[in-house]
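Here the protein sequences come in this chain order: A and B.
Take the first sequence: its letter number 375 is residue 375 in the working numbering, and every next letter is one higher.
To convert a position in the second sequence, counted from 1, into the working numbering, add 1000.
From the three backbone atoms N, C-alpha and C, an ideal C-beta is built for every residue, glycine too.
The model shown is predicted, which means the values in this text are computed figures rather than measured ones.
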Amino acid sequence: MTERLSTLLRDEAADLLPPPPPTADILGTGRRLRRRRRTAQVVGGSALAAVLVVGAVFATTSLHDDAAGGGEGKGIDPATAAYLDHGAFATGTTVHLGDGGNVDVGEKVKVVYYTSAGLLVRSGDTPWTDDPGPSHYSLVAPDGTTTRLDLDLGDRVPATDPDQPVVAYADAAGPGSDSWDIVVRDVTTDREVSRTTVQGSFTWGGWEAPPVELDGDLVYVGLDAETPAVDWRTGTVTSTSLGSSTVPEVAGGHVVTSTKSTVEVVDLATGRSVYSTPNDGYPYISLSPDGRYAKVVQQDESEGDSFDVVDLRSGDTTTIDGASWDFGWSPAGNLVSVDLKAGELSTCTAGGGDCSTSPVSGPVKGELKLAGISYES
Amino acid sequence: MTTRRLTDEEFSEFVHAVWPGLYRTAYLMLGEHQLAEDLVQTALAKTYASWRQVKEPAAAPAYARVVLANTAASWFRRRSWRNEHPTEVLPDAGSEHDPSTRPAVVDALRTLAPRQRAVVVLRYYDDLSVREVAHALGISEGTVKSQTSDALARLRTQLGEAVVPAHLISPGGSRD
């Protein structure tokens, strides 16, 4: 019998002195999670759609651990695990998946976005974003299953959230007007699920419509005079303090802001600064998809040898060797870079800086596009 | 406390009530105090976020424990987990009992793979059934049995026959 083992374990546990619970932090994180917590929408239809929906469920549960649901479907297939850990990138017309597989999308890849259903690949005649189009969109599931969406946005800045199977973008609500429809489309069904109108001029950027940022329920819209937040599930539009004429960097309820003397990461729910660095070195901050980590690059100090990653929860800093601009994020929050000459994909943990490499397979001709980076000019 | 409309004060009370127990489970699973605190904090934040899934207040602690186990399981799935968290030093918790035996159980746990360790803790510390462990970790009941068998075999080499008798370990690696 195992009573002795149980006794040993309980005796061990009994002697532990648990620290006091960080209740305020738990509540703060809980509020952010509650706002972000979503379940993939299951819509009937083709077998392909079913495959993609399954991918969405896997990705959603594993990325943010929607843990207490039913016991079914909690496993994770290798392709999805590789997608979460290693992300993806593209060269030319080829999308390289985290598990070493690759898919040719037939057009030059402009940008690769993360969603919970897989990669949203933007492609066209050139690899650049600032051409008049076409700018097509395809969904590439972690297993390589690919479907072209009925979407051509031209030179616009859409947004995705690695935790959700949707893409958000702005549409002109009318010719020459200052009204914009904020559209949210389910990439697994290729159907529009939300359209909300916001008012305000947009002249500061050269895109066809205001750029947007998506974090959970909220779509942030970069207008001339403000950055309103649209709750796309309820259609509510609220003002924010995120400034104007900008595309805010928002992830996991955190936003990168700046003052005269600092660049900071602020908790949107509380307004509390969770990280601050003097702007003497012209810092650039990139948040991990879940907002837990911040890649901090001191632009006038770094010659490309290394950069810091800050754990915004603990304050711990990890130094990663390598050129900062070569690294993007995987959906699970690892730092990913590609060395095409060496034919290697490097994956480094944000928390410890441990790196591993894996070979790149398939064609590697053309412009390199790391997933999760906007490549907007 | 209601399950549909929960005030921050009510949830704070809940946190204070369940924190020590969850922390102990987390520590036994992970073997490191800071990681244990991080795990429990994450699990309780998720519990707060998905409170509507709690059917009744009395079920909330068990629900939080499932969230904790599933969160740990998601950590274990990451390829980098073992690189980030290699075998550690002895625990820093004090002991008033037999010093020749007590550190050994934590040392022995550290020889197990992360999921095996979680299975052992949930089954023999938290007294969960095979089905409950499978649900909590998101794995099949067969995997729980085989992982238990493998883990006990290894623990027996560490802790001896008196703690883990050989007859508990089936030749085929399956034990209920």
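Other residues of its chain near residue i: CB distance less than 7 Å, five sequence neighbours each side excluded
i	result
SER239 (chain A)	GLU226, PRO228
LEU1039 (chain B)	ALA1026, LEU1030, LEU1068, THR1071, ALA1072
GLY70 (chain A)	Caution applies to GLY70 (chain A), whose pLDDT of 28 falls short of 50 and renders its modelled position unreliable; the value that the coordinates give is listed next. Excluding positions up to five away in sequence, the list is empty.
THR7 (chain A)	none
TYR387 (chain A)	Within the shown structure, residues of chain A are numbered from 1 to 377, placing residue 387 (chain A) beyond reach of any answer.
VAL1184 (chain B)	What the structure shows of chain B is the stretch from 1001 to 1176, and residue 1184 (chain B) is not part of that stretch, so it cannot be assessed.
ALA1043 (chain B)	LEU1022, ALA1064, VAL1067, LEU1068, THR1071
VAL111 (chain A)	ARG122, THR129, LYS369, SER374, TYR375
Host beta strand (DSSP E) of residue i (start-end)
i	result
GLN298 (chain A)	293 to 298
GLY118 (chain A)	118 to 124
GLY218 (chain A)	Note that residue 218 (chain A) is Leu in the sequence shown here, rather than Gly. Here the beta strand (DSSP E) through LEU218 (chain A) covers 218 to 221.
PRO359 (chain A)	355 to 359
ALA168 (chain A)	166 to 172
ASP181 (chain A)	179 to 186
VAL140 (chain A)	136 to 140
GLU213 (chain A)	212 to 215
THR262 (chain A)	262 to 267
LEU386 (chain A)	This structure cannot speak to residue 386 (chain A), because chain A is shown only from 1 to 377.
ASP321 (chain A)	317 to 321
VAL237 (chain A)	236 to 238
Unbroken alpha helix (DSSP H) run spanning residue i, endpoints
i	result
PHE307 (chain A)	Run containing PHE307 (chain A): none in the alpha helix (DSSP H); it sits in the beta strand (DSSP E), 306 to 311.
VAL1040 (chain B)	1033 to 1049
LEU84 (chain A)	78 to 86
TRP1019 (chain B)	1008 to 1030
SER1146 (chain B)	1141 to 1159
VAL1133 (chain B)	1130 to 1137
6 Å CB neighbourhood of residue i in its chain, flanking five on each side removed
i	result
VAL237 (chain A)	VAL198, PRO228, VAL230
LYS295 (chain A)	SER286, VAL309
VAL1089 (chain B)	Note on VAL1089 (chain B): pLDDT 40, under 50, position unreliable in the model; the coordinate value appears next. Correct list: empty, nothing qualifies.
VAL157 (chain A)	TRP207, PRO211, GLU376
PRO134 (chain A)	GLY124, ASP152
SER138 (chain A)	VAL105, VAL121, THR146, ARG148
VAL184 (chain A)	VAL166, ALA168, VAL193, SER194, TRP232
ARG38 (chain A)	Because ARG38 (chain A) sits at a pLDDT of 35, beneath the cut-off of 50, its placement in the model cannot be relied upon, and the following sentence gives the value as read from the coordinates. These residues qualify, in order along the chain: GLN164.
Reduced DSSP category for residue i - H, G, I as helix; E, B as strand; rest coil
i	result
VAL364 (chain A)	coil
GLU107 (chain A)	coil
GLU344 (chain A)	strand
LEU1068 (chain B)	helix
ILE373 (chain A)	coil
GLY253 (chain A)	coil
LEU149 (chain A)	strand
PHE327 (chain A)	coil
VAL57 (chain A)	Low confidence applies to VAL57 (chain A): its pLDDT is 30, below 50, so where it sits in the model is not reliable enough to give any reading.
THR382 (chain A)	Look at the range of chain A in this structure, 1 to 377, and you will see that residue 382 (chain A) is not part of it.
THR160 (chain A)	strand
VAL1120 (chain B)	helix
GLU192 (chain A)	strand
ASP130 (chain A)	coil
THR94 (chain A)	strand
ASN279 (chain A)	helix
TYR284 (chain A)	strand
ASP143 (chain A)	coil
PHE1076 (chain B)	helix
ASP25 (chain A)	helix
TYR114 (chain A)	strand
ALA229 (chain A)	strand
VAL1164 (chain B)	coil
VAL1105 (chain B)	helix
Where residue i meets chain A, residues with beta-carbon distance less than 9 Å
i	result
VAL1105 (chain B)	LEU5, LEU8, LEU9, ASP11, GLU12
Own chain, CB closer than 8 Å to residue i, minus 5 neighbours either side, in chain order
i	result
ALA251 (chain A)	ASP215, LEU287, SER288, PRO289, ASP290, GLY291
LEU1112 (chain B)	VAL1120, ALA1151, ARG1154, LEU1155
GLY235 (chain A)	SER194, THR196
Contact list for residue i against chain A, beta-carbon separation under 7 Å
i	result
VAL1163 (chain B)	ARG4, LEU5, LEU8
ALA1045 (chain B)	ILE26, THR29, GLY30, LEU33
Chain-ordered chain B contacts of residue i [CB-CB under 8 Å]
i	result
LEU16 (chain A)	TYR1023, ARG1024, TYR1027, ALA1093
THR23 (chain A)	SER1012, VAL1015, HIS1016
Distance cut-off 7 Å: residue i Cβ against heavy atoms of the ligand NAP
i	result
THR347 (chain A)	In terms of ligand content, the structure shown is empty, and the ligand NAP therefore cannot be addressed.
Residues that residue i contacts on chain A, provided the C-beta gap is smaller than 8 Å
i	result
VAL1121 (chain B)	LEU9
Where residue i meets chain B, residues with beta-carbon distance less than 7 Å
i	result
PRO19 (chain A)	GLU1037
Against chain A: residues of the segment 1011 to 1040 of chain B by CB proximity under 7 Å: Per Cβ criterion, the list reads PHE1011, SER1012, VAL1015, HIS1016, TRP1019, PRO1020, TYR1023, ARG1024, TYR1027, LEU1028, GLU1037.
Chain A contacts from the segment 1133 to 1166 of chain B (Cβ-Cβ distance under 9 Å): Residues of the segment 1133 to 1166 of chain B whose Cβ lies closer than 9 Å to any Cβ of chain A, in chain order: ALA1134, HIS1135, ALA1136, LEU1137, GLY1138, ILE1139, SER1140, LEU1152, LEU1155, LEU1159, ALA1162, VAL1163, VAL1164, PRO1165.
Within 9 Å of chain B by C-beta, residues of the segment 306 to 335 of chain A in sequence order: If the cut-off is 9 Å between Cβ atoms, the segment 306 to 335 of chain A has ARG313, SER314, ALA332, ASN334 near chain B.
Where the segment 1049 to 1061 of chain B meets chain A: residues whose CB sits under 9 Å from a CB there: For the segment 1049 to 1061 of chain B, the residues whose beta carbon sits under 9 Å from a beta carbon of chain A are, in order, ALA1049, SER1050, TRP1051, GLN1053, VAL1054.
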